[in-house]
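Q: Numbering (the working numbering), first residue to last: 982 to 1206.
Dropping the structure in here first, questions after.
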């Protein structure tokens, strides 16, 4: 049972905040999104608020690409901080699994106050990352994001997963089922040509990952000894 206070908010705020969060996560992964991309990521009804966010100077339209403005990025980072600190509390204190914690944090990120978020972070020792390895904005020990995606690795690469950039319940559940989580060591066995799957080995198991999913798994290469 959660033991921290929640603040009330307008139901209309949540779809708008999800747009900001989606753009912030794409930015972390070095990607840009169009209106069509956003429609695929979110319920299309949320896009009714997109023009309002542009009018509020929270989002800029650069050609066909959407980008956070400094004000939009600041608001999105506050939401990411709430989400990721709550995830840490759910996994580290309450024992939730990673996919379950993500679903709960999706609901709570819109309702937890900044003061409660700070108190939770301090109770947890100010963690630098969420359970999926993604950085918690404003964490004192925050480190630079890894710059190499699994999709960019050559065959025979040995690596350790550092973060999962694909933060959707379905993707997190799928990767958790395969055991592809932060700090797990993997080996790239083959990379199919023409955008085909990335074949990886985890222990004695072998998996084929779609290129889009592999592009959202970030790694640190292990030097061959």
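Even for Gly, the Cβ is constructed at its ideal location relative to N, Cα and C.
#1: What does the alpha-carbon distance come out to for the pair residue 1186 and residue 1160?
#2: Among the candidates 1073, 1202, 1190 and 1174, whose CA atom is the shortest distance from the CA of residue 1142?
#3: Short of 6 Å in beta carbon distance, which residues of its chain neighbour residue 1115, apart from the five on each side in sequence? Order them along the chain.
#4: Give me the DSSP bridge partner(s) of residue 1180.
#5: For a quick check, are the C-beta atoms of residue 1016 and residue 1031 less than 8 Å apart?
#6: Could you name the residues of the same chain whose beta carbon sits closer than 8 Å to that of residue 1043, not counting the 5 residues immediately before and after it, in chain order?
#7: Quick one: what does DSSP say residue 1139 is sitting in, helix, strand or coil?
#8: Could you give the C-beta distance for residue 1178 and residue 1192, rounded to a whole number, given that I count them as a contact under 8 Å?
#9: In the DSSP assignment, find the beta strand (DSSP E) that holds residue 1040 and state where it starts and stops.
#10: Report the residue from 1058, 1013 and 1112 whose alpha carbon sits nearest the alpha carbon of residue 1091.
#11: Identify whether residue 1116 lies in helix, strand or coil by the three-state DSSP scheme.
#12: Ignore the nearest five residues each way along the sequence and tell me which others in residue 1078's own chain have a CB closer than 8 Å to its CB.
#13: If we require 4 or more residues per run, which alpha helix (DSSP H) segments fall completely within the region 1063-1110?
#14: So, helix, strand or coil for residue 1204, using DSSP?
#15: Using three-state DSSP, classify residue 1148 as helix, strand or coil.
#16: Please list, in chain order, all residues of the same chain as residue 1189 whose beta carbon is under 7 Å from its beta carbon, the five residues on each side excluded.
#17: Output the boundary residues of the beta strand (DSSP E) element that contains residue 1048.
#18: Beta-carbon within less than 6 Å of residue 1166's beta-carbon, same chain only, minus the 5 sequence neighbours each way: which residues are those?
#19: Let me confirm a value: residue 1068 is counted as buried when at least 16 other C-beta atoms fall within 10 Å, else exposed. Which label applies?
#20: Here's the rule I'm using: 16 or more other beta-carbon atoms within 10 Å means buried, otherwise exposed. How should residue 1086 be labelled?
A: The short version:
#1: 10 Å
#2: 1202
#3: 1144
#4: 1171 and 1189
#5: yes
#6: none
#7: strand
#8: 7 Å
#9: 1040-1043
#10: 1058
#11: strand
#12: 1072 and 1157
#13: 1079-1089 and 1095-1104
#14: coil
#15: coil
#16: 1178 and 1180
#17: 1046-1049
#18: 1141
#19: buried
#20: buried
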